[in-house]
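Have a look at the structure below, then the notes.
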Amino acid sequence: MKNLGLPYLINTKIYSISQLVFKESNGIEFNMGDTFILENSKGLLQILNDYNKIYIFSIASVKSAKILGEFETDQAEIYLNNTKEVANGGAIQSIHNYTQASTYLFGSKFLDNNEAFVLGFCYGFDEIISLSAPAFESLLSDYSDRNVSVIAAS
Numbered sequence: 001m002k003n004l005g006l007p008y009l010i011n012t013k014i015y016s017i018s019q020l021v022f023k024e025s026n027g028i029e030f031n032m033g034d035t036f037i038l039e040n041s042k043g044l045l046q047i048l049n050d051y052n053k054i055y056i057f058s059i060a061s062v063k064s065a066k067i068l069g070e071f072e073t074d075q076a077e078i079y080l081n082n083t084k085e086v087a088n089g090g091a092i093q094s095i096h097n098y099t100q101a102s103t104y105l106f107g108s109k110f111l112d113n114n115e116a117f118v119l120g121f122c123y124g125f126d127e128i129i130s131l132s133a134p135a136f137e138s139l140l141s142d143y144s145d146r147n148v149s150v151i152a153a154s
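Here it is, written out as structure tokens:
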């Protein structure tokens with residue numbers, strides 16, 4: 001799979017965000033905390049955090065999502081859970097990436113052409129959390145030493 005990178009999301013309209021769930025043949029379920037599936041105008045995208053490296057993959061179905069870790073994938077059931085519709089369905093026009101001390105990427109917020117919040121993510125070492133606009137602003141207040149870089153539509 002080729003990493004498309006965060007800039008690929010520019011001009012993309014996101015309809016929903018879902019958690020990926022992996023259920024092994026023994027019945028044990030795992031919510032994949034390192035990934036989300038985005039339904040968009042181009043199909044399905046996977047956003048994956050692999051030790052604070054953020055990847056964007058275009059996937060044909062949830063079965064083709066990249067799974068990190070040791071799982072029995074041959075007979076596993078993979079499905080989406082906790083699907084949230086994106087409140088502001090505008091196309092993403094800018095991505096604001098926030099780092100602490102210029103090195104640790106801790107969050108990204110995605111805005112439409114009116115600078116309205118479309119979606120936001122907080123990144124941990126190997127996890128992603130989807131945040132609302134107020135929760136994202138609260139996250140920013142926790143980082144006094146932060147820098148922002150903006151990727152915008154041209």
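Reading the sequence shown from the start, the letters are residues 1 to 154 in full-length UniProt numbering.
Ideal Cβ placement from N, Cα and C applies to all residues, glycine included.
Exposed or buried, G69, counting other C-beta atoms within 10 Å across all chains shown (16 or more means buried)?
Under this definition G69 is an exposed residue.
Alpha-carbon spacing of S144 relative to H96, whole angstroms:
16 angstroms
If we require 3 or more residues per run, which beta strand (DSSP E) segments fall completely within the region 29 to 63?
29 to 40, 43 to 49, 54 to 59
Considering E85, what are the terminal residues of the alpha helix (DSSP H) in which it resides?
Counting along the chain, E85 falls outside any alpha helix (DSSP H), though it belongs to the beta strand (DSSP E) covering 77 to 85.
Determine, using beta-carbon pairs with one atom in the region 48 to 59 and one in the region 72 to 83, whether at least three such pairs fall under 8 angstroms.
The region 48 to 59, when compared against the region 72 to 83, does not touch it at the 8 angstroms Cβ threshold.
Just grab the DSSP bridge partners of N147 for me.
T99
Are the beta-carbon atoms of I17 and V86 separated by less than 8 angstroms?
yes
Which value, in whole angstroms, describes the spacing of the CA atoms of Y15 and L38?
7 angstroms
Spatially closest choice to P122 from E115, A133, F106, F110, by CA coordinates
Here residue 122 is Cys; the residue named in the question, Pro, does not match the sequence. If we check each option's Cα against that of C122, F106 comes out closest.
Measuring alpha carbon to alpha carbon, tell me which of F30, M32, A65, G33 ends up nearest G43.
Each of F30, M32, A65, G33 was checked against the Cα of G43, and the nearest Cα belongs to A65.
If we count the other Cβ atoms within 10 Å of its Cβ and call it buried at 16 or more, is S102 buried or exposed?
exposed
Quick check: A133 and T12, are their CB atoms within less than 8 angstroms of each other?
no
Chain-order list of residues whose beta-carbon lies under 6 angstroms from that of F30 (same chain, five-residue window excluded)
F22
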